[in-house]
Amino acid sequence: MKLSTKILILIFLVIVDYLLISLYLRNQNLEPSIAIAIIVLVPIAFLINILIGIIFFFIKKTSLTSIFVINAIPSSSITYYSFGNEMRCQSSLELESWSFKRNDTLFELNRYKKRNEFDMSYSLSSGSSGNFLNGKYIKQQNGIILISNSIKMRIEGNKIIGFGKTNDTIGIFKER
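Residue numbers (this note's numbering): 702 to 877.
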């Protein structure tokens, strides 16, 4: 088999790998707790290609053996990239986060889109942290209203209004 034919077959395999892996991951519920699965999925993608190469070796199709052995590397890379990318996409569909700093305290605000809930946590420069506020939110055209038992705030653009005093405005940074 000519080198140009092998290269075309390899390119075709890489495209098929990308499509199959992306399709598989898109149909999975990749919540953050499953991120450890990447440790298993990348070697599986590598081994599948090596095993296919070995099968071709034993049925005397040695020209295809080298293609699948070489394809093991891009296939593993595609699996790693696609897994991380799909986790980010699915995470952004369910979660939105902001942060802001006040004095020596870093605050993080998380909005859980599917549950219509939010929570707020803090981290002190000394290293201690904790959750201190949670509640429901209402999405409006000009922002988001956050309602808990003790406070009502709103997010408009890149600022939070009503944290601390009623009309206090603090700049916030979108994390995801």
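The beta-carbon is built from N, C-alpha and C at its ideal position, and this holds for glycine as well. Given the structure is predicted, the values throughout are model-derived calculations rather than measurements.
Note the first and the last residue of the continuous alpha helix (DSSP H) segment covering Gly872.
It is not in any alpha helix (DSSP H) - Gly872 instead sits in the beta strand (DSSP E) that spans 870 to 872.
Which runs of the beta strand (DSSP E) spanning at least 3 residues fall entirely within the region 749 to 832, listed in chain order?
796 to 803, 806 to 813, 818 to 825
Going by DSSP, which residues form a beta bridge with Gly836?
Phe819
Ile768: beta carbon under 7 Å from a heavy atom of the ligand COA?
Judged by which ligands are present, the structure shown has none, so any question about the ligand COA falls away.
Return the CA-CA distance between Lys853 and Gly828, expressed in angstroms with no decimal places.
28 Å
Could you check whether the region 738 to 745 touches the region 768 to 783, counting it as contact only if at least three pairs of C-beta atoms, one from each stretch, sit closer than 8 Å?
Segment contact: the region 738 to 745 against the region 768 to 783, three or more CB-CB distances shorter than 8 Å; contact assigned.
What three-state label does DSSP hand Ile745 in the structure shown?
Ile745 falls in the helix class under three-state DSSP.
Any beta carbon of chain B sitting closer than 8 Å to that of Lys762?
Although the question refers to chain B, the structure presented lacks it and comprises just one protein chain.
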